[in-house]
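Colleague: In my numbering, the protein residues as written are 14 to 271.
In this text, a Cβ means the ideal position worked out from N, Cα and C, and glycines have one as well.
Have a look at the structure that comes next, please.
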Ligand code: GLY
């Protein structure tokens, strides 16, 4: 498992509720979202990460979801090219920050599109979701860059899988060769070399979680999954994500970890 020491975060801006969403859970309360974000940052620090806290950026209502702007690894950073037009400018805002922290940066270029939320790292292997946001050309470019950097990858087409915006809405890596998957993805051949932990259908939102060093950060309110994680023996931190969920966001979306 990659050891993480740092993370980049950005709080939601006052116009957070004007961001993109595909779910019908009501408007987020921005004050509560800010409180939840503060607890999220505290949890990352509790796991040993030093945070770079970027200022809120109201030019982009979805800009708190920094994960979509880049893929960060222990070797390089890869600037993405988000698939939603309203989010395209977010990459320029994160680029100088990443150039200051990584010796090598790469970039996805037109006509490729990639959202970081579609990319799931499992050791030296990456699963690249092809979705409404990440197109086949973006996936191809990313696979080439990853190969140059000594990683392997596999593309997973998630178009048509109900209820997930990004690949990581339905899969997270628990570490120790274990992947947590929603039922709709569990039978895919690409995951066969891993131990599969299936998530109950009624808890599918919990499929997005963070393994940070020894600990696992989960979304609060999913007792079956919490119990599984505890049985595996990982220290667990549960965070209320209600306001981010309303905007199609989840735990991994709120940070870049490296
Ligand atoms: N609201 C997050 C996204 O749609 O990208």
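Given 7 Å as the limit, tell me if residue 34 has its C-beta closer than that to any heavy atom belonging to the ligand GLY.
Modeller: For the purposes of this step, residue 34 is taken as the residue at position 21 of the chain shown. Yes.
Colleague: Using 8 Å as the Cβ pair cut-off and three pairs as the minimum, do the stretch 106-116 and the stretch 71-91 touch?
Modeller: For the pair of segments examined, the stretch 106-116 was found to touch the stretch 71-91: the number of CB pairs separated by less than 8 Å reaches three.
Colleague: Quick one: what's residue 139 bridged to in DSSP?
Modeller: Against the chain shown, residue 139 aligns to sequence position 126. Beta-bridge pairing links residue 139 to 134 and 166.
Colleague: Let me know the secondary structure DSSP gives residue 228 once reduced to three states.
Modeller: Here residue 228 is taken as the residue at index 215 of the chain shown, counted from 1. Correct three-state label for residue 228: strand.
Colleague: For the ligand GLY, any of its heavy atoms closer than 7 Å to the Cβ of residue 170?
Modeller: For this step, residue 170 is matched to residue 157 along the chain shown. Outside the cutoff, so no.
Colleague: With a cut-off of 8 Å, do at least 3 Cβ pairs link the stretch 36-50 to the stretch 113-124?
Modeller: By the C-beta criterion, the stretch 36-50 is judged not to be in contact with the stretch 113-124, since fewer than 3 inter-stretch pairs fall below 8 Å.
Colleague: Can you tell me whether residue 151 sits near the ligand GLY, meaning its C-beta is under 7 Å from at least one heavy atom of the ligand?
Modeller: Within the chain shown, the letter at position 138 stands for residue 151. No.
Colleague: When burial is assigned at 16 or more other CB atoms within 10 Å of the CB, is residue 98 buried or exposed?
Modeller: Position 85 of the chain shown, counted from the first residue, corresponds to residue 98. Flag for residue 98 reads exposed.
Colleague: Return the Cβ separation of residue 269 and residue 257 in integer angstroms, given the expectation that the two are a contact with Cβ distance under 8 Å.
Modeller: The count along the chain shown starts at 1 and reaches residue 269 at position 256. The count along the chain shown starts at 1 and reaches residue 257 at position 244. About 16 Å separates the two Cβ atoms, so there is no contact after all.
Colleague: Take residue 35 and list the residues in its own chain whose beta-carbon comes closer than 8 Å to its own, dropping the five residues that flank it on each side.
Modeller: Taking the first residue of the chain shown as position 1, residue 35 is located at position 22. Closer than 8 Å at the Cβ level, and outside the excluded window around residue 35, lie 178 and 261.
Colleague: Using a 10 Å radius around the Cβ and a threshold of 16 neighbouring Cβ atoms, would you call residue 144 buried or exposed?
Modeller: Residue mapping note: residue 144 aligns to position 131 of the chain shown, counting from 1. Residue 144 should be labelled buried.
Colleague: Could you give the C-beta distance for residue 232 and residue 194, rounded to a whole number, given that I count them as a contact under 8 Å?
Modeller: Working through the chain shown from its first residue, we reach residue 232 at position 219. Working through the chain shown from its first residue, we reach residue 194 at position 181. Going by Cβ atoms, the distance from residue 232 to residue 194 rounds to 16 Å, so no, they are not a contact pair.
Colleague: Where in the stretch 89-128 do unbroken runs of the alpha helix (DSSP H), each at least 4 residues long, occur, reported from the N-terminal end onward?
Modeller: You should have 103-112.
Colleague: Rounded to whole angstroms, what is the Cα-Cα separation between residue 115 and residue 92?
Modeller: Within the chain shown, residue 115 is the residue found at index 102, counting from 1. Within the chain shown, residue 92 is the residue found at index 79, counting from 1. Spanning the two alpha carbons is a distance of roughly 11 Å.
Colleague: Starting from residue 208, follow its DSSP beta bridges and name the residues at the other end.
Modeller: Position 195 of the chain shown, counted from the first residue, corresponds to residue 208. Residue 208 pairs with 191.
Colleague: Cβ of residue 211 within 8 Å of Cβ of residue 196?
Modeller: Counting from 1 along the chain shown, the entry for residue 211 is found at position 198. Counting from 1 along the chain shown, the entry for residue 196 is found at position 183. The Cβ atoms of residue 211 and residue 196 lie closer than 8 Å to each other.
Colleague: Compare the C-beta of residue 199 against all C-beta atoms of chain D and say whether one is closer than 8 Å.
Modeller: Given the protein chain composition of this structure (a single chain), no chain D is represented.
Colleague: Does residue 146 come out as helix, strand or coil in the three-state DSSP assignment?
Modeller: Translated into the one-based positions of the chain shown, residue 146 becomes position 133. Residue state, collapsed to three classes: coil.
Colleague: Determine whether the beta carbon atoms of residue 259 and residue 68 lie at a separation below 8 Å.
Modeller: On the chain shown, residue 259 is found 246 positions in, with the first residue counted as 1. On the chain shown, residue 68 is found 55 positions in, with the first residue counted as 1. Cβ distance not < 8 Å, so residue 259 and residue 68 don't count as in contact.
Colleague: With three or more beta-carbon pairs closer than 8 Å as the criterion, would you say the stretch 53-66 touches the stretch 146-157?
Modeller: Using a Cβ-Cβ distance cut-off of 8 Å, the stretch 53-66 and the stretch 146-157 are not in contact, since fewer than three pairs of beta carbons, one from each stretch, lie closer than that value.
Colleague: Any heavy atom of the ligand GLY closer than 7 Å to the CB of residue 178?
Modeller: Here the question's residue 178 lines up with position 165 in the chain shown. Closer than 7 Å to some heavy atom of the ligand GLY: that describes the Cβ of residue 178.
Colleague: Leaving out the 5 sequence neighbours to the left and right, which residues in its chain are closer than 7 Å to residue 238 when beta-carbon positions are compared?
Modeller: If you number the chain shown from 1, residue 238 lands on position 225. These residues qualify, in order along the chain: 212, 216, 219 and 231.
Colleague: Please classify residue 76: does DSSP put it in a helix, a strand, or coil?
Modeller: Looking up residue 76 in the chain shown gives position 63. Three-state result, residue 76: coil.
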